[in-house]
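Sequence lines, in order, name chains A and B.
Just so you know, this note's numbering puts 680 at position 69 of the first sequence, and the rest follows in order with no gaps.
Just so you know, this note's numbering puts 560 at position 65 of the second sequence, and the rest follows in order with no gaps.
All C-beta atoms, glycine included, are put in the ideal place defined by N, C-alpha and C.
Values in this document were obtained by computation on a predicted structure and should not be read as measured data.
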Amino acid sequence: MIKISDTSIIELDVNGEKRKVVAEPSDTLLYTLRTELNLTGAKPGCENGDCGACTVIVDGWSVKSCIVLTVEMIGHKITTIEGLKNAPIQKAFVEKWGFQCGFCTSGFIMVCHALAEQHPEADEYVTEEWLQSNLCRCTSYQEIKEAVTSILHP
Amino acid sequence: MIPFKFEYYKPDTLKEAFDLYDYIKGQGKTPLYYGGGSEIITMSRANNLHMDAVIDLKGIPECCRIEMLDNKLIIGSAVTLSQISESGLFPLLGQTAARIADHTVQCRLTIGGNICGTIIYKETLLPLMICESRAVIYGKNGKREVQINQIFDKKLRLMPGEILSEIITDSNYLSFPYVHVKKTKSDKIAYPLLTVAAIKKDNNIKIAFSGLENHPFRSREIESFINGENMSDDDKINRIIGFQQSKVLDDAEGSSCYRTFVLKNTLENTLKMLEKVK
Ligand SMILES: Cc1cc2nc3c(=O)[nH]c(=O)nc-3n(C[C@H](O)[C@H](O)[C@H](O)COP(=O)(O)OP(=O)(O)OC[C@H]3O[C@@H](n4cnc5c(N)ncnc54)[C@H](O)[C@@H]3O)c2cc1C
Numbered sequence: 612m613i614k615i616s617d618t619s620i621i622e623l624d625v626n627g628e629k630r631k632v633v634a635e636p637s638d639t640l641l642y643t644l645r646t647e648l649n650l651t652g653a654k655p656g657c658e659n660g661d662c663g664a665c666t667v668i669v670d671g672w673s674v675k676s677c678i679v680l681t682v683e684m685i686g687h688k689i690t691t692i693e694g695l696k697n698a699p700i701q702k703a704f705v706e707k708w709g710f711q712c713g714f715c716t717s718g719f720i721m722v723c724h725a726l727a728e729q730h731p732e733a734d735e736y737v738t739e740e741w742l743q744s745n746l747c748r749c750t751s752y753q754e755i756k757e758a759v760t761s762i763l764h765p
Numbered sequence: 496m497i498p499f500k501f502e503y504y505k506p507d508t509l510k511e512a513f514d515l516y517d518y519i520k521g522q523g524k525t526p527l528y529y530g531g532g533s534e535i536i537t538m539s540r541a542n543n544l545h546m547d548a549v550i551d552l553k554g555i556p557e558c559c560r561i562e563m564l565d566n567k568l569i570i571g572s573a574v575t576l577s578q579i580s581e582s583g584l585f586p587l588l589g590q591t592a593a594r595i596a597d598h599t600v601q602c603r604l605t606i607g608g609n610i611c612g613t614i615i616y617k618e619t620l621l622p623l624m625i626c627e628s629r630a631v632i633y634g635k636n637g638k639r640e641v642q643i644n645q646i647f648d649k650k651l652r653l654m655p656g657e658i659l660s661e662i663i664t665d666s667n668y669l670s671f672p673y674v675h676v677k678k679t680k681s682d683k684i685a686y687p688l689l690t691v692a693a694i695k696k697d698n699n700i701k702i703a704f705s706g707l708e709n710h711p712f713r714s715r716e717i718e719s720f721i722n723g724e725n726m727s728d729d730d731k732i733n734r735i736i737g738f739q740q741s742k743v744l745d746d747a748e749g750s751s752c753y754r755t756f757v758l759k760n761t762l763e764n765t766l767k768m769l770e771k772v773k
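This is the structure:
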């Protein structure tokens with residue numbers, strides 16, 4: 612049984628590296644990534660599981676890091692936007708102008724990357740289902756959809 | 496950030512989890528079982544919930560299984576909504592799960608959390624109610640199996656410390672013709688104005704609702720109107736509306752008049768769709 616009663620040092624697997632962090636049970640993954648690990652790509656937006664700006668990938672699936680406890684992540688593989696190195700979706704976002712102010716961009720890229728990894732054949736319906744998890748207040752939705760479609764169906 | 500401290504436990508067995516709950520409670524503290532944690536985290540952050548410890552159920556093998564065994568589908572309470580829809584094992588439940596919250600949140604929400612949480616819609620219950628699913632509950636005397644329709648009365652009637660461990664559905668229910676409709680006020684991703692799930696079994700329609708009252712329900716009266724003989728669909732629907740009208744939810748998501756209007760046209764379509772299938 613795992614038991615964590617107070618501030619503790621735990622090991623997380625982030626972007627392929629084992630990282631020791633100080634965490635308490637009440638810390639969200641978003642908080643730990645940004646303040647302990649200085650990985651500020653995941654953004655605090657609504658912090659209520661609605662906007663998707665804080666999305667990261669855990670064991671291959673997109674996850675909103677504001678509604679996950681850091682301590683739950685022991686033994687899981689976390690990928691943040693900083694861990695993507697020239698992934699096809701990053702280039703596609705640039706080519707298709709998939710962003711405006713950029714605040715939501717890392718969350719959208721993580722969702723699109725997870726989709727491409729989990730369902731490389733995804734059709735329009737599935738693609739829209741996944742994209743609906745994130746909000747872009749500048750309304751770049753059409754360009755974002757074009758970006759992900761361009762890597763799914765080149 | 497959650498503005499208060501609490502302890503985190505991840506036990507390996509149901510017994511360990513139950514004993515831990517009992518022990519923490521015995522110290523005058525508040526423990527909470529923890530599935531996907533989305534409701535616990537969002538409500539705690541807003542100071543609407545307080546606990547001294549969370550007991551994460553995701554380390555318990557029974558709670559994490561989803562498999563067919565002896566013509567029964569067994570779904571652990573810590574199985575996520577996206578695992579259910581991706582598995583394709585229970586199409587009606589999968590379709591219902593895929594319309595709760597959004598896809599990324601579905602990768603965290605557990606079926607146990609959806610059923611045991613405080614948010615009133617609990618949409619995954621609808622398929623379970625009409626498919627006569629059973630809940631496996633772990634408590635003081637070990638496991639017991641009970642009909643969901645018996646143990647759910649406005650909420651899941653668990654004794655303190657009891658854990659919903661699994662949900663069992665007979666495999667013959669997984670392939671009956673079905674209808675699932677979720678109607679929301681404006682956005683596709685939102686709480687339901689009305690969600691309806693219905694199946695047709697031996698020429699009988701079984702139907703359950705969420706969003707119509709402040710808890711999901713299946714009603715024998717409504718089913719008897721729907722399956723009544725020598726009645727037109729209009730008559731059936733008018734009788735249902737007459738029976739249900741005074742109980743329809745009236746809140747910021749939708750007035751009772753609007754919800755009743757949505758109920759009427761949703762029933763029309765549901766009946767038409769199910770009449771076409773044998
Ligand atoms: C953004 C968002 C949108 C949503 N939209 C919808 C919607 O459209 N329709 C809908 O029906 N719901 C919706 N919900 C509600 C959601 O399904 C519930 O909040 C659900 O409780 C979340 O599941 P969880 O696994 O995260 O629960 P948790 O937060 O882990 O737990 C919720 C509660 O259930 C208890 N619990 C969990 N598992 C068990 C168990 N196995 N045995 C006993 N008690 C248990 C916990 O102690 C806690 O009190 C939404 C929630 C969010 C965050």
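Query raised in the report: Out of Ser-751/B, Asp-517/B, Pro-586/B and Ala-596/B, which has the shortest C-alpha to C-alpha gap to Cys-662/A?
Result: Of Ser-751/B, Asp-517/B, Pro-586/B and Ala-596/B, the residue nearest in Cα terms is Ala-596/B.
Query - CB of Thr-681/A within 8 Å of CB of Asn-626/A, strictly - result: At the C-beta level, Thr-681/A and Asn-626/A stay beyond 8 Å of one another.
Query raised in the report: Counting only beta-carbon atoms, is Ile-620/A nearer than 8 Å to chain B?
Result: The Cβ of Ile-620/A sits no closer than 8 Å to any Cβ of chain B.
Report task. Quick one: using the 10 Å Cβ neighbour count with 16 as the cut-off for buried, is Asp-638/A buried or exposed? Result -> Buried is the call here.
Query raised in the report: So which residues of chain A does Asp-507/B contact, with C-beta pairs closer than 8 Å?
Result: Those within 8 Å of Asp-507/B in chain A are Met-612.
Query raised in the report: Starting from His-764/A and walking both ways along the beta strand (DSSP E), at which residues does that stretch end?
Result: Per DSSP, His-764/A belongs to no beta strand (DSSP E) and is neither H nor E.
Query raised in the report: Mind listing which residues of the stretch 576-603 of chain B have their C-beta closer than 8 Å to chain A's C-betas, in chain order?
Result: If you check each beta-carbon in the stretch 576-603 of chain B against every beta-carbon of chain A, the ones closer than 8 Å belong to Ser-577, Ala-593, Ala-596, Asp-597, His-598, Thr-599, Val-600, Cys-602 and Arg-603.
Query raised in the report: Rounded to a whole number of angstroms, what is the C-alpha to C-alpha distance between Lys-574/B and Thr-605/B?
Result: Here residue 574/B is Val; the residue named in the question, Lys, does not match the sequence. Separation of Val-574/B and Thr-605/B (C-alpha to C-alpha, rounded to the nearest whole angstrom) is 5 Å.
Query raised in the report: When the cut-off is 8 Å and only beta carbons count, does Glu-502/B lie next to chain A?
Result: So yes, Glu-502/B belongs to the interface.
Report task. Give a yes or no on whether 8 Å exceeds the smallest Cβ distance from Asn-649/A to chain B. Result -> Asn-649/A has a beta carbon lying at 8 Å or more from every beta carbon in chain B.
Report task. Kindly say whether Pro-699/A, judged by its beta-carbon, lies nearer than 8 Å to any beta-carbon of chain B. Result -> So, not an interface residue.
Query raised in the report: At a CB-CB cut-off below 8 Å, which residues of chain A make contact with Thr-537/B?
Result: Per Cβ cutoff of 8 Å: Asn-659, Gly-660 and Ile-678.
Query - Close-in-space but distant-in-sequence residues of the same chain around Ile-610/B (CB under 7 Å, 5 per side omitted) - result: Lys-617, Thr-619, Leu-620, Leu-651 and Leu-659.
Report task. May I ask which residues mark the beginning and end of the alpha helix (DSSP H) holding Asn-733/B? Result -> First-last of the alpha helix (DSSP H) with Asn-733/B: 728-739.
Report task. Name, in chain order, the residues that DSSP records as bridge partners for Val-574/B. Result -> DSSP output for Val-574/B lists no bridge partner at all.
Report task. Run the CB neighbour count on Glu-732/A, radius 10 Å, all protein chains shown included, and call it buried at 16 or more, exposed below. Result -> Its Cβ having fewer than 16 others within 10 Å, Glu-732/A is exposed.
Query raised in the report: Can the beta-carbon of Gly-660/A be found less than 8 Å from the beta-carbon of Ile-678/A?
Result: Annotated as proximal: Gly-660/A and Ile-678/A, with beta-carbon spacing under 8 Å.
Query - Rounded distance between the beta-carbons of Val-759/A and Ile-700/A, thought under 8 Å - result: The Cβ separation is near 7 Å, so the contact holds.
Query raised in the report: chain B beta carbons: is any one of them nearer than 8 Å to that of Thr-716/A?
Result: By this cut-off, Thr-716/A is not an interface position.
Query raised in the report: Residue range of the beta strand (DSSP E) that Met-563/B falls in?
Result: Here the beta strand (DSSP E) through Met-563/B covers 561-564.
Requested in this report: Quick one: which residues of the stretch 509-522 of chain B get their C-beta closer than 7 Å to a C-beta of chain A? List them in chain order.
Outcome: Taking a C-beta cut-off of 7 Å against chain A, the contacting residues of the stretch 509-522 of chain B are Glu-511, listed in chain order.
Requested in this report: Measure how close the beta-carbons of Ile-702/B and Ile-625/B come, nearest whole angstrom, since I'm counting them as under 8 Å.
Outcome: The C-beta distance from Ile-702/B to Ile-625/B rounds to 7 Å, short enough to fall under 8 Å.
Query raised in the report: Closer than 8 Å, CB to CB, is Ser-533/B near chain A or not?
Result: Yes, Ser-533/B lies at the interface with chain A (some Cβ there is under 8 Å from its Cβ).
Report task. Reducing DSSP to helix, strand and coil, say where Gly-749/B ends up. Result -> Note: Gly-749/B maps to strand in three-state DSSP.
Query raised in the report: Which residues share a DSSP beta bridge with Ser-705/B?
Result: Note: Ser-705/B is bridge-paired with Thr-690/B in the DSSP secondary-structure output.
Query raised in the report: So, Asp-507/B versus Lys-524/B, is the Cβ gap smaller than 8 Å?
Result: The answer is no: Cβ separation not under 8 Å.
Query raised in the report: Quick one: does Tyr-642/A have its CB under 8 Å from some CB of chain B?
Result: Under the 8 Å criterion on CB atoms, Tyr-642/A is classed as interfacial with respect to chain B.
Query raised in the report: Within 8 Å (strictly less), CB to CB, does Pro-731/A reach chain B?
Result: Not one chain B Cβ lies under 8 Å of Pro-731/A.
Report task. Determine the chain B residues that contact Ser-673/A at a beta-carbon separation under 9 Å, and present them in chain order. Result -> Listed along the chain, the chain B residues whose CB falls inside 9 Å of the CB of Ser-673/A are His-598, Thr-599 and Cys-602.
**Report entry** Contacting positions in the stretch 655-685 of chain B - beta carbon closer than 7 Å to chain A
**Finding:** The residues in question are Lys-683 and Ile-684.
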